[in-house]
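Undergrad: Just dropping this structure here.
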Amino acid sequence: MAEILKQYISGTFTKPTGGICLETRNPAMPEELVSTVHRASAEEVNRSVEAAARSLTEWKAKTVKERAYYLKLLFSLIEQNKEKLARTITIEMGKTIHESRSEVDASLEMIECTLDESFGLAGDYRPSTVKGRTTFAKRVPLGVVGLITPWNFPLSTPILKLAPALLTGNTVILKPAEDASAVACLLAELIDKTGMPNGVFNCILGSGETGDALVNHHLIDGISFTGSSSVGRKIAETCGHSLKRLSLELGGKNPLIIMDDADISKAVRETVSGAFGIAGQRCSATSRLLLHESIQAEFLEEFLCEVNNIDFGNGMDEKNRMGAIVNKKQWERVKTMIDFGIQEGATLKEGGYDNTESSYFIKPTVFTDVQSKMSIAQEEIFGPIVAVITFKSIEEAIAIANDTSYGLTSGIFTSNLDNIQMAIDGLDSGSVMVNASTAASETHMPFGGRKASGNGHCEGGWSSIDSFTEWKTVYIN
Numbered sequence: 001m002a003e004i005l006k007q008y009i010s011g012t013f014t015k016p017t018g019g020i021c022l023e024t025r026n027p028a029m030p031e032e033l034v035s036t037v038h039r040a041s042a043e044e045v046n047r048s049v050e051a052a053a054r055s056l057t058e059w060k061a062k063t064v065k066e067r068a069y070y071l072k073l074l075f076s077l078i079e080q081n082k083e084k085l086a087r088t089i090t091i092e093m094g095k096t097i098h099e100s101r102s103e104v105d106a107s108l109e110m111i112e113c114t115l116d117e118s119f120g121l122a123g124d125y126r127p128s129t130v131k132g133r134t135t136f137a138k139r140v141p142l143g144v145v146g147l148i149t150p151w152n153f154p155l156s157t158p159i160l161k162l163a164p165a166l167l168t169g170n171t172v173i174l175k176p177a178e179d180a181s182a183v184a185c186l187l188a189e190l191i192d193k194t195g196m197p198n199g200v201f202n203c204i205l206g207s208g209e210t211g212d213a214l215v216n217h218h219l220i221d222g223i224s225f226t227g228s229s230s231v232g233r234k235i236a237e238t239c240g241h242s243l244k245r246l247s248l249e250l251g252g253k254n255p256l257i258i259m260d261d262a263d264i265s266k267a268v269r270e271t272v273s274g275a276f277g278i279a280g281q282r283c284s285a286t287s288r289l290l291l292h293e294s295i296q297a298e299f300l301e302e303f304l305c306e307v308n309n310i311d312f313g314n315g316m317d318e319k320n321r322m323g324a325i326v327n328k329k330q331w332e333r334v335k336t337m338i339d340f341g342i343q344e345g346a347t348l349k350e351g352g353y354d355n356t357e358s359s360y361f362i363k364p365t366v367f368t369d370v371q372s373k374m375s376i377a378q379e380e381i382f383g384p385i386v387a388v389i390t391f392k393s394i395e396e397a398i399a400i401a402n403d404t405s406y407g408l409t410s411g412i413f414t415s416n417l418d419n420i421q422m423a424i425d426g427l428d429s430g431s432v433m434v435n436a437s438t439a440a441s442e443t444h445m446p447f448g449g450r451k452a453s454g455n456g457h458c459e460g461g462w463s464s465i466d467s468f469t470e471w472k473t474v475y476i477n
C-alpha cells in the first residue's frame, strides 16, 4: 500500500484534510504506486503561516551562531540518510541513482556554502557627513517566507532556499511540487530531529491551489519560487499587488555555441552531459546546440555516436546514464514536441519515442536542420531533446542564441579570447559558461535569469543573503 504523506505544521506531522491531490507513481514502472498526496486545506495553510509568524520574534532574536547550530545538525542528518534520500528521489521522479546521490551531495554543499556566508550578515558602515553622527546599514530578515519548489531537484532546491532563509532569521513554509512531496516530507522529518523550535520550519502539501493560498496570505512577507515562467508571472502579479518581496527562478531555452576553433571532443562530452542529464528535465539544460557550419559534420558524427551509446532506463539500475520522464503528463508533452519538430520540417537525426505506457521513457533525441523560429527551438520542453542550428559567424551565433523569450544560461566553446569576450558581453542570460555545458553552475555562485527566466533576483552563495534579507539604515547622534 502506498504511503500517505503527512505535512509538518508547528512541529506536528498530520495528514492534510483537503482531499487527494495526486497519486505519485514510479515513472520507470508506472504500475508502482509510490505515495498518495493529500492537499492542505485553506485552514491548514493559514495555520502553517500563523505558526511561522508566532515563532518569528524568538527565531530572529537568536544569534547567527545559534541559528547555524540547527543547520549543522541538519547537515549531519542528511549525510547519515544519503542513500535513503537518493533512492526516494529516483523512485519518485525518475532520475538515475547516480544523479540522485549527486543531488544529495549538492544539498550538503549548499548548507556548507550558506554557513560560509554567515559572516556576510554584518551589514555596511559609511562615515556620516554630519559631525557627531554615526551611520551604518544592517541586514534584517524579511520575516515569514513561502518557498515553492519544483520536482526536478526535490531536495537541493528546497535546501538552496531554506538554508539561507533560516540562517538570516526568517521563518518558512515549504510547499514542494506535488510530484516530489515524499522527498520534502523526509526532509521535514530530518529537520524535526534537529530540535528546531516549533513553527520555524513548516511543510504543507498540495497543488497550485495550495501555492496560491500561500502566496495570497496577508502574513507572508516574501516568496521564493522556482518553476515555470507561466506560473511565475501569476505569482508576480499577486506579489506585486500586495508588494511582497519575490524571487523568481524560471524556465530556460539554453544555447551552447560551438565555434570552429573549439575542442570538439570536450564540447561533445559537455553537450551530452548538459542536454541529457536528468533526461533534460532541468531549467539549465542544453536544449539548443549552435554549430559553426565548418565543423558541423565533424561534430555531429562524434556527438551522434555518443548519444547512441547512452544507456537509458530504470534509474535504480546502476548502469543507466539517463532515467525516465517524471510523469505521464510530461511524457505526453515531450512526445508532442517531437511530433511538432518533425511537422515543422526539422530532421529527426537520433532518438524519438516508443508509444507504450509501460514506462515514461524518451530516447535521447537530436534534431538537425532546425530553424530558430521552430517550436523546438523556442519553447522550453523539459525533456531529452536537442535542436541543432548552424551559423556562419560569432555575431550570427549570438543573435540566434538571444532569439528566445528566455535568458537563463548560455555557453560557448572556443579557444579565441575575442570570441569569449563577445559571448560574455553579448549573450543575454544570467550565466555564461565558457568551454562548459549550460548546466555547469556551482552552488556557491549566484544563479538566476533574465527576460522570462527570472525577475533579477539570484539565489546561491552570497546572493541568497540578498534574497532573504532587506536593509535597515541606522543613524545615531
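The sequence shown: position 211 = 211 (full-length UniProt numbering), numbered continuously.
C-beta: ideal position from N, C-alpha, C; glycine also.
The structure presented is a predicted model; accordingly, all values stated were derived computationally and were not measured.
1) Pick out whichever of 446, 40 and 69 has its Cα sitting closest to the Cα of residue 207.
2) Which parts of the stretch 204-292 are runs of the beta strand (DSSP E), unbroken and 3 residues or longer, counting only runs that do not cross its ends?
3) I'd like to confirm the pairing. Which residues does DSSP put opposite residue 38 in its beta bridges?
4) Identify whether residue 443 lies in helix, strand or coil by the three-state DSSP scheme.
5) Are three or more beta carbon pairs between the stretch 192-205 and the stretch 3-13 nearer than 8 Å?
6) For residue 282, which residues of its own chain have a beta-carbon under 7 Å away from its beta-carbon, when the five flanking residues on both sides are left out?
7) Which runs of the beta strand (DSSP E) at least 3 residues long sit entirely within the stretch 415-468? Give them in chain order.
8) In whole angstroms, what is the alpha-carbon distance linking residue 388 and residue 369?
9) Count the other C-beta atoms from every protein chain shown that fall within 10 angstroms of the C-beta of residue 127, then say buried if there are 16 or more, exposed otherwise.
10) Which stretch, first to last residue, makes up the beta strand (DSSP E) that contains residue 318?
11) Which residue comes first and which comes last in the beta strand (DSSP E) that contains residue 147?
12) Cutting at 6 Å between CB atoms, please list the residues of its own chain near residue 255, excluding the five before and the five after it.
13) Closest to residue 25 by C-alpha separation, out of 325, 273 and 348, would be which residue?
14) Work out the CA separation of residue 220 and residue 46 for me, nearest whole Å.
15) Got a sec, what are the start and stop residues for the beta strand (DSSP E) residue 141 sits in?
16) Taking just the CA atoms, how far does residue 84 sit from residue 51?
17) Could you pull out every residue in the same chain whose Cβ sits closer than 7 Å to the Cβ of residue 424, ignoring the five residues on either side in sequence?
18) Roughly how many angstroms lie between the CA atoms of residue 260 and residue 447, to the nearest whole one?
19) Where does residue 341 sit, in a helix, a strand or coil, going by DSSP?
20) Once the 5 residues before and after residue 14 are set aside, which same chain residues still bring their CB inside 7 Å of it?
21) Could you give the distance in angstroms between the alpha-carbon of residue 225 and the alpha-carbon of residue 312?
22) In terms of DSSP beta bridges, what is residue 195 paired with?
23) According to DSSP, simplified to helix, strand and coil, what is residue 473?
24) So does the stretch 157-176 actually touch the stretch 56-71, counting three or more Cβ pairs closer than 8 Å?
25) Terminal residues of the continuous beta strand (DSSP E) containing residue 200?
TA: Result, derived from the coordinates:
1) 40
2) 222-226, 245-249, 254-258 and 286-292
3) 20
4) coil
5) yes
6) 152 and 439
7) 431-434
8) 7 Å
9) exposed
10) Here residue 318 belongs to no beta strand (DSSP E), and DSSP marks it neither H nor E.
11) 144-148
12) 288, 290, 401 and 410
13) 325
14) 10 Å
15) 134-141
16) 29 Å
17) 432
18) 29 Å
19) helix
20) 6 and 7
21) 31 Å
22) Note: residue 195 sits in no beta bridge, so no partner.
23) strand
24) yes
25) Neither: residue 200 is in no beta strand (DSSP E) and is coded neither H nor E.
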